[in-house]
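This report concerns only the one structure given below.
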Amino acid sequence: MPTTSALPRTRPDDVPERLLVLPAAQDVAGTPYAHARRLAEQAVADVGGAAVAEGDTSATALLMVRPIPVDTLAAALAAHPHVSWVQLPFAGIEPFVPLVRSRPDIVWTSAKGTYAPPVAEHALLLTLALLRDLPARVRATTWGPSSGRTLNGLNAVVVGGGGIAQEYIRLLKTWDVHVTAVRRRAGDVPGADRTVTTDRLDEVLPGAQVVMIAAAAPRRPAACSTPTASPSWTRTPCS
Numbered sequence: 023m024p025t026t027s028a029l030p031r032t033r034p035d036d037v038p039e040r041l042l043v044l045p046a047a048q049d050v051a052g053t054p055y056a057h058a059r060r061l062a063e064q065a066v067a068d069v070g071g072a073a074v075a076e077g078d079t080s081a082t083a084l085l086m087v088r089p090i091p092v093d094t095l096a097a098a099l100a101a102h103p104h105v106s107w108v109q110l111p112f113a114g115i116e117p118f119v120p121l122v123r124s125r126p127d128i129v130w131t132s133a134k135g136t137y138a139p140p141v142a143e144h145a146l147l148l149t150l151a152l153l154r155d156l157p158a159r160v161r162a163t164t165w166g167p168s169s170g171r172t173l174n175g176l177n178a179v180v181v182g183g184g185g186i187a188q189e190y191i192r193l194l195k196t197w198d199v200h201v202t203a204v205r206r207r208a209g210d211v212p213g214a215d216r217t218v219t220t221d222r223l224d225e226v227l228p229g230a231q232v233v234m235i236a237a238a239a240p241r242r243p244a245a246c247s248t249p250t251a252s253p254s255w256t257r258t259p260c261s
């Protein structure tokens, strides 16, 4: 969700923004998206603009607080010809790429970075649960042998260098963890102790006790399904 300071200006400073928020209020009533609508309306008011109802052709910007079908968005743009900025509600915009490319006259913004903190937090939860053998412990009905391990002193490999990967690395560094980031292109990943490119994945995996896949996943991610020469690792499709 854009904040007041983050709202892009697509009009001259002396022309107020007219914001259309989708879905309509009645379609999100009683859901968390209703609160998101109110925040958006307040944000545009704070910079001197105003929210408008669907069908008001004076709309100059469109913000989605919940995903809607591509065809629905295309129809909304056709019905509101003065829209020059669209804010999408997610980071991965692949289904909307054809529409985006067909409307180069519009400024398109995504929610990149919005989901990094909660997703990385969940990834850390899963990491700790597996290290502490929680899946077995929650099913146990009798005391078993001591098991589990701490993150301190472990080596972690994080595949990916985007917002989620960087936030996960930041959380990992709360402990004494050596982190190797693996990404497609050269360049350091913030927070990682070292960064290597994907052609060195097989080289760094054998020394890791924690591996997190935080990279973009195409329909058949080759990095997860290609046979490996490392005998101690078995790769399976990410999906």
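Residue numbering for the sequence shown is 23 to 261, as defined by my numbering.
Glycine included, every Cβ here is placed at the ideal spot set by N, Cα and C.
Note that this is a predicted model, so its numbers are computed, not measured.
- Under DSSP, H200 shares a beta bridge with N177.
- The stretch 160-172 makes no contact with the stretch 215-222, as fewer than three CB pairs between them are under 8 Å.
- Nearest Cα to V232 within the set H200, V43, G114, R159: H200.
- With respect to the 8 Å criterion, G183 and A151 are not classified as neighbours on the basis of their beta carbons.
- Here DSSP, grouped into helix, strand and coil, assigns A83 to strand.
- With the rule of 3 Cβ pairs closer than 8 Å, the stretch 99-107 does not count as touching the stretch 133-152.
- The beta carbons of A62 and L41 sit closer together than 8 Å.
- Close CB contacts of S80 within its chain, under the 7 Å cut and outside five residues either way in sequence, are with R40, V74, H104 (chain order).
- DSSP places I186 inside the alpha helix (DSSP H), whose first and last residues are 185-194.
- By the Cβ criterion, the stretch 127-137 is not in contact with the stretch 88-95, since fewer than three pairs of Cβ atoms, one from each stretch, lie closer than 8 Å.
- Looking at V87, V43, R123, the one whose alpha-carbon comes closest to that of A133 is V87.
- Residue burial is scored here from C-beta neighbours: L147 has fewer than 16 other C-beta atoms within 10 angstroms and is therefore classed as exposed.
- Ranking V211, V180, R159 by CA distance to the CA of G229 puts V180 first.
- By the CB criterion at 8 Å, V141 and I128 fall outside the cutoff.
- In the structure shown, T220 falls within a helical segment according to DSSP collapsed to helix, strand and coil.
- In the structure shown, the three-state DSSP call for T149 is helix.
- Annotation for R40: the continuous beta strand (DSSP E) segment containing it runs 40-44.
- If you draw a straight line from the Cα of L44 to the Cα of A236, it is about 30 Å long.
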